[in-house]
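Read the structure below first, then the notes.
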Amino acid sequence: MEKTKEIIDYLKFSTKLRVLRYAKDCGKNKNACEVFGVKKSTFYKWKKEFEQHGEKGLVRGEP
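Offset between the sequence shown (1-based) and our numbering: plus 1335.
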């Protein structure tokens, strides 16, 4: 069961990172939200955590 949780956590982390990288590459946060089906409020929460803590900020349970 623990392995399944680790896999799910990794998939969540990698999705967040993929969305943020897509937004940076295309230059439009709105496009990234639409393409990945992410709410803007969620996107900006992830972006803030990433800017403050780097990749570690995207991991559940980290700072």
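By construction, the Cβ of each residue, glycine as well, lies at the ideal position given by its N, Cα and C atoms.
With DSSP as the reference, label K1394 as helix, strand or coil. Per the sequence shown, residue 1394 should be read as Val rather than Lys. Residue state, collapsed to three classes: coil.
Contacts around F1371, its chain only, beta-carbon distance under 8 angstroms, and the 5 residues preceding and following it disregarded: T1350, R1353, V1354 and Y1357
Given a threshold of 16 other Cβ atoms within 10 Å of its Cβ, counted over all protein chains shown, does K1382 qualify as buried or as exposed? buried
Close beta carbons around E1390, own chain, < 7 angstroms, minus the five adjacent residues each side: L1352
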